[in-house]
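Residue numbers (full-length UniProt numbering): 1 to 104. Beneath this line is the structure, given in structure tokens, with notes to follow.
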């Protein structure tokens, strides 16, 4: 249900981002990511839909669409690091020397 939108024009606000995606389904949340120091847009944002069907329809319809002077890229967003923090990783088959590089 979560999409990342890249190559946004810097003038696009979070409200405008939600309006752009609303025709494809109920938008639960939309946010343009901004620089913490300057408050200026970093040129990308996230849109969360209430239903997966809305996200899929929006991604299909809007990927490559012209917004202002740019063509946006829309794709499924990867999970945040907080949601994957519980995941475990097992590495096997390393030579003994390389194993010494890792300590737990």
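Just so it is clear, CB atoms sit at the ideal spot from N, CA and C, and this is done for glycine as well.
In the structure shown, residue 70 adopts extended strand secondary structure according to DSSP, grouped into three states. Excluding five sequence positions before and after residue 63, the CB atoms of its chain that fall closer than 8 Å to its own CB belong to 72, 73, 74, 75, given in chain order.
Distances from the alpha-carbon of residue 30 to those of 38, 15, 1 put 15 closest. Nearest Cα to residue 53 within the set 23, 69, 34: 23. The DSSP-derived three-state label of residue 16 is helix.
Annotated three-state conformation of residue 37 is coil, per DSSP. Scanning its chain for C-beta atoms nearer than 8 Å, with the 5 sequence neighbours on each side dropped, one finds around residue 59 the residues 3, 74, 75, 76, in chain order.
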